[in-house]
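Novice: Chains as they are written, first to last, in the working numbering: chain A, -5 to 85; chain B, 3 to 387.
Just dropping this structure here.
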């Protein structure tokens, strides 16, 4: 399986949907007959995944939003895991 | 009805048992009418009559109330949900409320126009069930001609842009055809295939001696499934679950009573498990009389087997009690007479022999031909009819 690199454009796997669930107080990823509750960072990253922007751009946006300087390693690590779990695809 | 693996992907949890968690899954069994007559159906023997069904307004109220208390996944099931002419309306309303909408269908009653209508209403996912890999066996088990229609509808669903999710319910009559089923799935370019083991509830329990495969059959099928899992890795995802009769440990039925899963029957009766209707001593409330919030949090029936306080030994002191919740209450009742007993599929159950004896009978050569004839699931064979 391809590893996520900074130039890759991630998008949610077809049939997957990200949404905020008030009752569960977290973002969830919904897919055929299943659901994953996401922790804060995972939800924040996936919120930026729009099938348009590269991972480098996603990282930049998150760094600005959270006032952090280097989120690259964290985001790439998450992207690899999301890829492995079938939540996202890379274009 | 092919929903016995509905919870398979669920990997959440972690709620303290002292606090009642919200329901996350709503199973809307919109009708018990079905053009198919599968003898493995997990519907109750007493099929709910058409005139007892909730009307459109009734279902809209259910969708609204369940969403309000947290349900995010929604399965439209039955019976055959496509029999309901208002299904498109219900799907549209559900999608607007924020549900992820799943249709669990035989594919009979579907055509390309209806697939397009459901897509337009926001249906997220359509799962089509097959009874076997050939027309002859598929149509025999289904009790009607349906194989070619299913294949056409699987293609129509995929053409609409959905992932193709196929479900085969496995039992003695088709388990030796698992390779053929997976070849069929590959030919149709399925994305996901569930080899769903029959749950011996309802009609399936009535037909158990004809449907329970032998251990050898299960092992052979498992080996085939693993071979295909390797072969199609990255292209087609294959799920195979060993029947609980051969596992030695019970499955965590509905992920724990009143913990994640909320089912509403065709007549509006709310249940913690779609098979729970016949459990003795419990009064399951109807959505016509009570709010789903009250039913989920307050009603005695939904609290009856919550947590671990209700358990008897060996469950009460078992290390695995919060992993499998003592198994299935319906199975415990149907096989041992007491829903508080450990699910007898557990090897630790003092009554485990009721399961091992059934499994031993399944080993006898020629057993299936000497067992009682199959009873097909239809209104004529339903005691309530």
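Glycine included, each C-beta is placed from N, C-alpha and C at the ideal position.
Alpha carbon to alpha carbon, how far is residue 17 (chain A) from residue 364 (chain B)? Give it in angstroms, no decimals.
Specialist: 46 Å
Novice: DSSP state of residue 259 (chain B), grouped into three classes?
Specialist: coil
Novice: Between residue 38 (chain A) and the rest of its own chain, which residues show a CB-CB distance below 7 Å, the 5 nearest in sequence each way excluded?
Specialist: 56
Novice: Where does residue 375 (chain B) fall in DSSP's three states?
Specialist: coil
Novice: Taking Cβ to Cβ, would you say residue 344 (chain B) is nearer than 9 Å to residue 352 (chain B)?
Specialist: yes
Novice: Here's the rule I'm using: 16 or more other beta-carbon atoms within 10 Å means buried, otherwise exposed. How should residue 77 (chain B) be labelled?
Specialist: Answer is buried; the Cβ neighbour count reaches 16.
Novice: For residue 71 (chain A) and chain B, any beta-carbon pair shorter than 9 Å?
Specialist: Against chain B, the CB of residue 71 (chain A) has no partner CB under 9 Å away; the residue lies outside that interface.
Novice: Listing by chain order, which chain A residues have their CB less than 7 Å from the CB of residue 74 (chain B)?
Specialist: The CB of residue 74 (chain B) comes closer than 7 Å to the CB of 15, 22, 24 and 29 in chain A, given here in chain order.
Novice: Let's test the definition: count the other Cβ atoms within 10 Å of the Cβ of residue 85 (chain A) and tell me whether it reaches 16, buried, or not, exposed.
Specialist: exposed
Novice: To the nearest angstrom, report how far apart residue 279 (chain B) and residue 94 (chain B) are at their CA atoms.
Specialist: Whole-angstrom Cα-Cα distance: 29 Å.
Novice: Per DSSP, which residues does residue 300 (chain B) bridge with? Please list them.
Specialist: None, per the DSSP bridge assignment.
Novice: Going by C-alpha distance, which of A:30, A:19, A:34 and A:48 is nearest residue 70 (chain A)?
Specialist: Closest option to residue 70 (chain A), Cα to Cα, is A:48.
Novice: Could you round the C-beta distance between residue 329 (chain B) and residue 252 (chain B) to whole angstroms and report it? I think they count as a contact, below 8 Å.
Specialist: Contact between residue 329 (chain B) and residue 252 (chain B) holds, with the beta-carbon distance rounding to 3 Å and staying under 8 Å.
Novice: Could you tell me which of B:231, B:254 and B:118 sits nearest to residue 1 (chain B), measuring between CA atoms?
Specialist: Nothing in the structure corresponds to residue 1 (chain B), since chain B is present only between 3 and 387.
Novice: Tell whether a beta-carbon distance below 9 Å holds between residue 141 (chain B) and residue 129 (chain B).
Specialist: no
Novice: Taking the beta carbon of residue 319 (chain B) as the centre, do at least 16 other beta carbons fall within 10 Å, making it buried, or is it exposed?
Specialist: exposed
Novice: Could you spell out the range, first to last residue, of the alpha helix (DSSP H) harbouring residue 362 (chain B)?
Specialist: 355 to 365
Novice: Hey, is residue 21 (chain B)'s beta-carbon within less than 9 Å of any beta-carbon in chain A?
Specialist: With 9 Å as the cut-off, residue 21 (chain B) does not count as an interface residue toward chain A.
Novice: In whole angstroms, what is the alpha-carbon distance linking residue 346 (chain B) and residue 360 (chain B)?
Specialist: One Cα belongs to residue 346 (chain B), the other to residue 360 (chain B), and the distance between them is close to 12 Å.
Novice: Which bits of chain B does residue 11 (chain A) rub up against, with CB to CB less than 9 Å?
Specialist: 102 and 126
Novice: Name, going along the chain, the residues of the segment 160 to 175 of chain B whose beta-carbon falls closer than 9 Å to a beta-carbon of chain A.
Specialist: 163, 164, 165 and 167
Novice: Counting only C-beta atoms, is residue 8 (chain B) closer than 9 Å to chain A at any point?
Specialist: Residue confidence is low: residue 8 (chain B) scores 34 on pLDDT, short of 50, so the model does not pin down where it sits. No coordinate-derived value is stated.
Novice: For residue 8 (chain A), which residues in chain B fall below 7 Å Cβ to Cβ?
Specialist: 165
Novice: Could you name the residues of the same chain whose beta carbon sits closer than 6 Å to that of residue -5 (chain A), not counting the 5 residues immediately before and after it, in chain order?
Specialist: Bear in mind that the predicted position of residue -5 (chain A) carries a pLDDT of just 47, short of 50, making it too unreliable to give a figure here.
Novice: Per DSSP, residue 288 (chain B) is paired with what?
Specialist: Answer is B:271.
Novice: Looking at the secondary structure, which residues open and close the beta strand (DSSP E) in which residue 239 (chain B) lies?
Specialist: Residue 239 (chain B): member of the beta strand (DSSP E) spanning 239 to 242, first to last residue.
Novice: Could you work out which residues of chain A lie near residue 194 (chain B), taking near to mean beta carbons separated by less than 8 Å?
Specialist: 26
Novice: Is the Cβ of residue 129 (chain B) closer than 9 Å to any Cβ of chain A?
Specialist: yes
Novice: Pop quiz: residue 286 (chain B) and residue 272 (chain B) are said to be a contact at Cβ under 8 Å. What is the actual Cβ separation, rounded to whole angstroms?
Specialist: 6 Å
Novice: So, is residue 220 (chain B) buried or exposed, given that buried needs 16 or more other C-beta atoms within 10 angstroms?
Specialist: buried
Novice: Closer than 9 Å by beta-carbon distance: list the chain A residues that pair up with residue 71 (chain B), in chain order.
Specialist: 17
Novice: Would you mind giving the Cβ-Cβ distance between residue 184 (chain B) and residue 195 (chain B), rounded to the nearest angstrom? I have them listed as a contact below 8 Å.
Specialist: 7 Å
Novice: With distances taken Cα to Cα, identify the nearest neighbour of residue 153 (chain B) among B:349, B:356, B:119 and B:186.
Specialist: The shortest CA-to-CA distance from residue 153 (chain B) to any of B:349, B:356, B:119 and B:186 is the one to B:186.
Novice: Between the Cα of residue 41 (chain B) and the Cα atoms of B:145, B:136 and B:177, which residue gives the shortest distance?
Specialist: B:145
Novice: Counting only the same chain and skipping the five closest in sequence on each side, list residues whose C-beta sits under 6 Å from that of residue 248 (chain B).
Specialist: 217 and 220
Novice: To the nearest angstrom, report how far apart residue 89 (chain B) and residue 119 (chain B) are at their CA atoms.
Specialist: 10 Å
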